[in-house]
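Here's the structure, in structure tokens; my notes come after.
Next comes the structure, spelled out in structure tokens:
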């Protein structure tokens, strides 16, 4: 379910199906920020409200990393921030992994 959600999110952000590597290439060409991610999440209709709330919280948490690591007002996400969000989204939806 998490991988399906991530795929839906990437399609929503990119406008068409892409692999993660293709999406990273797209991300390098255009900026991505919290507003983009929240808009993409809201476009996913197959997710329940509580899951959507958890995903929004995960996105906001990841965005705080952007703010903390930036010395300017430009709050764009890079690959590390996106990966951090995806990890937080996975935990939000499935709970922490037990190894």
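Numbering (mature numbering (1 follows the signal peptide of the UniProt record, and there is no 0)), first residue to last: -21 to -1, 1 to 78. Don't be surprised by glycine CBs; every beta carbon is placed ideally from N, CA and C. Computed from a prediction, not measured in an experiment: that's the story for all the values here.
By alpha-carbon positions, which one of 67, -12, 61 and 19 ends up nearest to residue 45?
61
Can you check which of these residues, 12, 15, 14 and 72, is closest to residue 33 by C-alpha distance?
72
Look at the alpha carbon of residue 16 and the alpha carbon of residue -11, and state the distance between them as a whole number of angstroms.
11 Å
Please return the same chain residues whose Cβ sits closer than 7 Å to the Cβ of residue 37, not counting the five positions on each side in sequence.
In chain order, 64, 67, 68 and 71 place their CB closer than 7 Å to the CB of residue 37, counting only its own chain and leaving out the 5 sequence neighbours on each side.
Within 10 angstroms of its Cβ, does residue 59 collect 16 or more other Cβ (buried), or is it exposed?
exposed
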